[in-house]
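Chemist: Next up is a structure, given as C-alpha cells.
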Amino acid sequence: MTRRYFLQSALLSDGWANGVRVTVDDDGIISAIDAAIPSAPAGMADAERVAGMVVPGMANAHSHAFQRGMAGNAEYQLSAHDSFWTWRQAMYALAGRIGPEDLRILATQLFIEMLKAGYTSVAEFHYLHRQPNGAHYADGQGLWDAVIAAAETAGIALTLLPTLYQTGDFGGVPLKPDQSRFALDTDWFLRAIDARIAAERRSRRTTLRTGAAFHSLRAVPLPTIQESAQALRGMDPTLPLHIHVAEQVKEVESCKLATGRRPIELLLDTGLLDPHWCLVHATHATAAELKGIAAARAAVCVSISTEANLGDGFFDAAAFLSRGGRICVGSDSQATVCPAEELRWMEYQQRLRKKRRGVLADKLEPHVGTRVWRDAAQHGARAIGQPAGAIDVGRRADWLVLDTTHPSMVGGTTESSLDHLVFAGGRAAIRDVMVGGRWVVKDGRHAAEMPLRPEFSELMVRLATPL
Ligand SMILES: [Zn+2]
Numbered sequence: 032m033t034r035r036y037f038l039q040s041a042l043l044s045d046g047w048a049n050g051v052r053v054t055v056d057d058d059g060i061i062s063a064i065d066a067a068i069p070s071a072p073a074g075m076a077d078a079e080r081v082a083g084m085v086v087p088g089m090a091n092a093h094s095h096a097f098q099r100g101m102a103g104n105a106e107y108q109l110s111a112h113d114s115f116w117t118w119r120q121a122m123y124a125l126a127g128r129i130g131p132e133d134l135r136i137l138a139t140q141l142f143i144e145m146l147k148a149g150y151t152s153v154a155e156f157h158y159l160h161r162q163p164n165g166a167h168y169a170d171g172q173g174l175w176d177a178v179i180a181a182a183e184t185a186g187i188a189l190t191l192l193p194t195l196y197q198t199g200d201f202g203g204v205p206l207k208p209d210q211s212r213f214a215l216d217t218d219w220f221l222r223a224i225d226a227r228i229a230a231e232r233r234s235r236r237t238t239l240r241t242g243a244a245f246h247s248l249r250a251v252p253l254p255t256i257q258e259s260a261q262a263l264r265g266m267d268p269t270l271p272l273h274i275h276v277a278e279q280v281k282e283v284e285s286c287k288l289a290t291g292r293r294p295i296e297l298l299l300d301t302g303l304l305d306p307h308w309c310l311v312h313a314t315h316a317t318a319a320e321l322k323g324i325a326a327a328r329a330a331v332c333v334s335i336s337t338e339a340n341l342g343d344g345f346f347d348a349a350a351f352l353s354r355g356g357r358i359c360v361g362s363d364s365q366a367t368v369c370p371a372e373e374l375r376w377m378e379y380q381q382r383l384r385k386k387r388r389g390v391l392a393d394k395l396e397p398h399v400g401t402r403v404w405r406d407a408a409q410h411g412a413r414a415i416g417q418p419a420g421a422i423d424v425g426r427r428a429d430w431l432v433l434d435t436t437h438p439s440m441v442g443g444t445t446e447s448s449l450d451h452l453v454f455a456g457g458r459a460a461i462r463d464v465m466v467g468g469r470w471v472v473k474d475g476r477h478a479a480e481m482p483l484r485p486e487f488s489e490l491m492v493r494l495a496t497p498l
C-alpha cells in the first residue's frame with residue numbers, strides 16, 4: 032500500500048526543507064518528494080503528519096554481533112601488557128561458546144539497540160561459521176540464519192557478509208584450535224554466496240542483501256583474495272566486498288616481514304579496489320595509501336569506539352577527506368553502539384591533534400554535525416549495498432525523527448539540529464525510527480525489547496559465568 036507522510040522538516044539530498052510531502056511505495060521505497068508545501072494543505076488528509084526533524088538513518092558498516100556478549104566485560108586489567116592481542120583471546124573464548132540460538136538472542140538485542148541509536152541498516156561481518164567440533168551445521172548455515180532472523184525481528188536492514196577465514200597469520204600459518212569455527216573452504220564460500228544471491232534475486236525483499244568479506248590479509252592468502260574477488264564480481268558486479276586492514280602496527284610489520292609490502296599497498300597493487308569495496312579500520316595507512324584508496328573510490332569504515340577501546344591508533348580522517356575519501360562508521364566490537372558517538376570522536380580526534388575546532392566541516396557545509404552525518408549515511412549505505420543513506424526518490428524510506436522539544440535540541444535551529452545530535456545529545460533526541468516505510472521505534476520504544484529482556488538477561492549471566 033502506498034503511504035504518504037507530511038514531514039515538518041527534513042534533511043533532503045539538496046539540504047534542509049520545511050513542509051515535505053513524501054510518498055513511499057509498497058516496497059518501502061520513496062517514489063515522490065514535494066518540498067516547501069505550506070502547512071496544512073488541502074488534499075493531505077491521507078498523509079501521516081511527522082513533527083520534528085527528519086534525517087536519514089545511518090548505515091552501520093561494520094558489526095560482529097556475537098561480540099555484544101563482551102560489552103562491559105573486558106574492561107579490567109589482566110597485566111601491564113594488555114592490548115588488542117590479549118583482548119582477542121577473550122573474544123575467541125566467547126566465540127567458542129556461541130550457538131545459533133545464543134547468536135539470535137544477542138543479535139536481536141543488539142539490532143534493537145542499533146535502531147534506537149540511529150542505525151537503520153547494518154553490515155554483519157560474519158566469520159563464525161562452524162560448530163565447536165569443526166563440522167558445518169547440518170541445517171545449512173545455522174549461525175548465518177540466526178543473524179537474518181534477528182534482523183527480521185528487530186526490523187533493521189541487513190547486509191550479511193559471510194567472511195572467508197583460512198590462516199592464522201601471514202605466510203599461511205595454520206589456524207589455531209580456537210580459530211577452527213571460522214574456517215571456510217574457498218569453493219564452499221563461493222557456492223554459498225552464489226546461492227544466496229540467486230535467492231535474493233527471486234525475492235522482493237528490499238532490506239536483506241548478501242555481500243562478502245575477507246577477514247584480513249593475515250587470514251586469507253592474497254592469491255585467494257584475488258581469485259575469489261574476481262569470481263564474486265562475476266556473480267554481482269556491485270557486490271559489497273569488505274576486509275579488515277592495517278588495524279594494528281604489529282599486523283603491518285608482520286605483513287612487511289612476510290611480503291615486503293604493507294597491507295594496503297598489497298591491496299592497491301592488485302587493482303581490485305572499486306567503489307563497492309570497504310576497508311575496515313585502515314588505521315595505519317600512509318598518505319600515499321590514503322590517496323590510493325580515495326582514487327579507487329573505495330570506502331574506509333572507521334569505528335573509533337572500538338579502535339579506542341582496543342588501543343589501535345588514530346585514523347587520519349581529515350587527510351583522507353582532503354583527498355576526496357569516503358568514510359563510513361560502524362559499531363564493530365559493540366563496546367558502545369551509537370553513530371553520534373563515532374562521528375563526534377572522528378571530529379574530536381582531529382581537534383585534539385590539530386588544536387583547532389570545526390576540522391571536518393568545509394565551505395559547502397559549515398555545520399560539522401550535518402557534514403559528518405550526511406556523508407557517513409550516504410557512503411555507508413553505498414559501502415554496504417543498501418538503497419538508503421538519503422531522503423530521496425528511489426531510496427528506501429529509512430529515517431529518524433529528532434524530537435525538537437528534547438532538552439538536548441531546544442534552542443537550536445533547523446541547520447544546527449545534527450550538531451545537537453552529534454555533539455550535545457547523542458541518541459537522546461531520537462524519538463522515532465523508520466526502516467523501509469515501517470516504524471520500528473516509536474516514542475523511543477521498540478515493540479520487541481521488553482519481551483526479549485528475560486532471555487537476553489539469562490544468556491548474559493550464563494556467558495559471564497566461567498565454564
Ligand atoms: Zn571488525
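When we follow the numbering used here, the leftmost residue of the sequence shown carries the number 32, and every step to the right adds one.
C-beta atoms are modelled at their ideal positions from N, C-alpha and C, and glycine is treated no differently.
Specify the secondary structure class of K390 as computed by DSSP and reduced to three states.
Modeler: In the sequence under discussion, the amino acid at residue 390 is Val, which differs from the Lys named in the question. Looking at V390 - three-state DSSP - the assignment turns out to be coil, as it is neither helix nor strand.
Chemist: Any heavy atom of ligand 1 within a distance shorter than 8 angstroms of the CB on T241?
Modeler: No, since every heavy atom of ligand 1 falls outside the 8 angstroms radius drawn around the Cβ of T241.
Chemist: Ignore the nearest five residues each way along the sequence and tell me which others in V276's own chain have a CB closer than 8 angstroms to its CB.
Modeler: Only S247, L248, P294, I295, L298, L310, V311, H312 and A313 meet the Cβ criterion.
Chemist: With DSSP run on the structure shown, which of helix, strand or coil describes R245?
Modeler: Correcting the residue type first, residue 245 is Phe in the shown sequence and not Arg. Strand.
Chemist: For ligand 1, is there any heavy atom lying closer than 8 angstroms to the beta carbon of T337?
Modeler: Because some heavy atom of ligand 1 lies under 8 angstroms away, the Cβ of T337 counts as near it: yes.
Chemist: Under a criterion of Cβ closer than 6 angstroms to any non-hydrogen atom of ligand 1, which residues qualify, in chain order?
Modeler: Every residue passing the under-6 angstroms Cβ criterion appears here: H93, H95, F156, H275, V311 and D363.
Chemist: Where DSSP assigns a beta bridge to P193, which residues make up the other side?
Modeler: Answer by DSSP bridge pairing, in chain order: H157.
Chemist: Using 8 angstroms for Cβ pairs, my map puts V86 next to W404. What's the rounded Cβ distance?
Modeler: Yes, they are in contact, since the Cβ atoms of V86 and W404 sit about 7 angstroms apart, within 8 angstroms.
Chemist: Roughly how far, in whole angstroms, is the beta-carbon of G416 from the beta-carbon of P271, given that I think they are within contact range, below 8 angstroms?
Modeler: Yes, G416 and P271 are in contact; Cβ-Cβ is about 4 angstroms, under 8 angstroms.
Chemist: Starting from A41, follow its DSSP beta bridges and name the residues at the other end.
Modeler: DSSP, once it has assigned bridges, lists A48 and V85 as partnering A41.
Chemist: Helix or strand or just coil, what does DSSP make of I136?
Modeler: Three-state DSSP puts I136 in a helix.
Chemist: Can you tell me which residues form a DSSP beta bridge with L272?
Modeler: Looking at the DSSP assignment, L272 forms a beta bridge with A243 and W308.
Chemist: Under 9 angstroms, do Y196 and Y168 count as touching if we go by C-beta distance?
Modeler: No; because the gap between Cβ atoms is not below 9 angstroms, this pair is not in contact.
Chemist: Take L433 as the anchor and find which of R469, G475, H398 and D423 has the nearest alpha-carbon.
Modeler: Comparing Cα positions, the closest option is G475.
Chemist: Considering just the uninterrupted stretch of the alpha helix (DSSP H) at D300, what are its terminal residues?
Modeler: Counting along the chain, the alpha helix (DSSP H) containing D300 begins and ends at P294 to T301.
Chemist: Within this structure, are the beta carbons of G149 and V464 separated by less than 9 angstroms?
Modeler: Cβ distance < 9 angstroms, so G149 and V464 count as in contact.
Chemist: Does DSSP put L431 in a helix, in a strand, or in coil?
Modeler: The answer is strand: DSSP assigns L431 an E or B state.
Chemist: Give the range of the beta strand (DSSP E) segment to which M440 is assigned.
Modeler: Run containing M440: none; DSSP gives neither H nor E here.
Chemist: How big is the Cα-Cα spacing for R240 and L191?
Modeler: So the two alpha carbons sit approximately 6 angstroms from each other.
Chemist: Would you mind sorting Q77 into buried or exposed? The rule is 16 or more other CB atoms within 10 Å of its CB.
Modeler: Going by the sequence as given, residue 77 is Asp instead of Gln. With fewer than 16 other Cβ atoms within 10 Å, it is exposed.
Chemist: Decide if the region 478 to 494 is in contact with the region 254 to 274; the criterion is three or more beta carbon pairs, one per stretch, under 8 angstroms apart.
Modeler: Verdict: no, contact absent.
Chemist: Since N91 sits in a beta bridge, which residues does DSSP pair it with?
Modeler: Looking at the DSSP assignment, N91 forms a beta bridge with V153.
Chemist: Could you pull the DSSP bridge partners for W470 from this structure?
Modeler: DSSP output for W470 lists M465 as bridge partner(s).
Chemist: Put S447 into one of helix, strand or coil per three-state DSSP.
Modeler: Reduced to three states, the DSSP call for S447 is coil.
Chemist: Between L146, D363, H93 and M101, which has its C-alpha nearest A4's C-alpha?
Modeler: Residue 4 is absent from the structure shown; the chain starts at 32 and stops at 498.
Chemist: With 16 as the cutoff for other CB atoms within 10 Å, does R227 come out buried or exposed?
Modeler: Buried: at least 16 other Cβ atoms inside 10 Å.
Chemist: Can the beta-carbon of Q409 be found closer than 9 angstroms to that of R99?
Modeler: In this structure, R99 does not lie closer than 9 angstroms to Q409 by Cβ.
Chemist: Counting along the chain, where does the beta strand (DSSP E) carrying A63 start and finish?
Modeler: I61 to D65 is the span of the beta strand (DSSP E), which, as asked, contains A63.
Chemist: Return the bridge partner residues of D209 from the DSSP annotation.
Modeler: Per DSSP, none; premise fails for D209.
Chemist: To which residues of the same chain is G173 closer than 6 angstroms at the C-beta, ignoring the five residues directly before and after it?
Modeler: Around G173: P131.
Chemist: Tell me the rounded alpha-carbon separation between A180 and R135.
Modeler: Distance between the alpha carbons of A180 and R135: 7 angstroms.
Chemist: Excluding five sequence neighbours on each side, which residues of the same chain lie with their C-beta closer than 6 angstroms to the C-beta of D58?
Modeler: The answer, listed in chain order, is T237.
Chemist: Can you tell which of D200, C359 and F220 has its C-alpha closest to the C-alpha of A412?
Modeler: When each option's Cα is compared against that of A412, the closest is C359.
Chemist: Starting from A223, follow the beta strand (DSSP E) in both directions and report where the run begins and ends.
Modeler: Careful: A223 lies outside any beta strand (DSSP E), inside the alpha helix (DSSP H) at T217 to R233.
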